[in-house]
Amino acid sequence: MSDSSSSGFALRLLAKALLNILLVWTMAEYMDRYFFLTGGLPAYLVMGSLITLLNLFVRPLLYLITLPLKLFATILASVIVNGLFVQLILEISQYMDQKILTLDIEGGFVGWLIVATILGFANWVMKMALR
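Here's what the structure looks like:
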């Protein structure tokens with residue numbers, strides 16, 4: 816890999832991480848009815864970094880697994896992928912020190928749907944913007 820392509824990848828990854836941290840902060844501040852995160856700045860940094868890493872490694876696998884479903888129901892598959900993604904984030908955060916962060920998705924099914932939709936849409940916008 817050339818230096819310019821690896822530095823370009825690193826810059827895009829850093830930009831995605833910063834945007835995910837900003838997204839987590841925005842959701843925690845303005846959507847606290849559904850997305851409840853404690854721990855302040857360290858929690859935002861950890862959760863934004865976790866989302867970035869999972870987007871890099873896990874999301875492609877989830878899309879591959881749901882490919883047959885996507886052929887028939889693209890929107891439903893997207894909601895399912897984002898819901899699984901949110902569940903994975905929630906599960907991983909349960910193993911973290913509660914002094915650093917706690918995460919809870921509130922509001923029942925509607926809360927899950929809103930959080931999954933916003934995360935999915937925001938990541939799609941970031942993907943398009945950082946091409």
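Throughout the sequence shown, residue numbering follows the numbering used here, covering 816 to 946 in sequence.
Cβ coordinates follow ideal geometry from the N, Cα and C atoms, glycine included.
Problem set entry | Per-residue burial, residue 831 [other beta carbons within 10 Å of its own, 16 or more giving buried] | buried
Problem set entry | Cα-Cα separation, residue 873 to residue 905 | 14 Å
For this session: Taking residue 920 as part of the alpha helix (DSSP H), name the residues at either end of that continuous run.
Result: First-last for residue 920: 917-920, but that is the beta strand (DSSP E), not the alpha helix (DSSP H).
Exercise. Among 892, 847, 890, which residue has its Cα nearest to the Cα of residue 922?
Worked result: 847
For this session: List the whole-angstrom C-beta distance separating residue 853 from residue 903, where the pair is believed to meet the contact cut-off of C-beta under 8 Å.
Result: At roughly 20 Å, the Cβ-Cβ gap does not stay under 8 Å, so residue 853 and residue 903 are not in contact.
For this session: With DSSP as the reference, label residue 853 as helix, strand or coil.
Result: strand
Exercise. Helix or strand or just coil, what does DSSP make of residue 888?
Worked result: coil
Problem set entry | Under the three-state DSSP convention, the category residue 942 falls into | helix
Exercise. Near residue 862, what residues of its chain come up, given a Cβ to Cβ distance below 6 Å and the 5 sequence neighbours on each side ignored?
Worked result: 839
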